[in-house]
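Just so we're aligned, residue 14 is where the sequence shown starts under the numbering used here, counting upward by one.
Don't be surprised by glycine CBs; every beta carbon is placed ideally from N, CA and C.
What you are looking at is a predicted structure, and each value in this text was computed from that prediction instead of being measured.
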Amino acid sequence: MLILSTLLIKEMKVNVLEPKSIKKYIIEIYKLERKYGHATISDIAGLLNVTVSSASKMVAKLKKQDFVNFKPYRTVTLTKKGLEIGNQLENTNKILVEFYKYIGIEEEKIPQEVKEIEVYINPEVVTKIKRFLETKVKNA
């Protein structure tokens, strides 16, 4: 019974963490693609502070799930599905930046603070923050 419980806990942790790491990769690929028209494995690895091997494995996983187009030793681009997630994450980023400004977080700290939570925050919370900000702007 203990072994089964341990296996279930390990599986739950993997399932909980996996979408977050996928989002981290997608947002970085999204940013690179917007800036350069594509991403490379080495650029992705550098931005996420992981090895090229780790980035390559994750990109292969993203390809299997239809988030990216990729051929080995070529560039990486987002599919329509990946682009939709990238757009959502960019929107989340903008809302969080505005919220952090509103509550008085120092400007130079905001990008790093937002980067640390943007893939973890529940979309429902982002929607509520957006409504809150819209209400405050209306009433200002």
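Residue 62: not part of any beta strand (DSSP E); DSSP gives it neither H nor E. Counting along the chain, residue 83 sits inside the beta strand (DSSP E) bounded by residues 81-83. In chain order, 41, 42, 45, 46, 88, 89, 90 place their CB closer than 8 angstroms to the CB of residue 52, counting only its own chain and leaving out the 5 sequence neighbours on each side.
Assigned with DSSP and collapsed to three states, residue 140 falls in helix. The Cβ neighbour count for residue 38, taken over all protein chains shown within 10 Å, is at least 16; the residue is labelled buried.
As summarised for the region 101-128, there are no continuous alpha helix (DSSP H) elements at least 4 residues long confined to that stretch.
Between the alpha carbons of residue 81 and residue 72 lies a gap of roughly 7 angstroms.
In the three-state DSSP reduction, residue 89 falls in the strand class (E or B). Spanning the alpha carbons of residue 49 and residue 56 requires a straight line of approximately 11 angstroms.
Per the DSSP secondary-structure output, residue 52 pairs in a beta bridge with 89. DSSP places residue 132 outside both helix and strand once states are collapsed to three, so it counts as coil. Buried is the label assigned to residue 95, since at least 16 other Cβ atoms lie within 10 Å of its Cβ.
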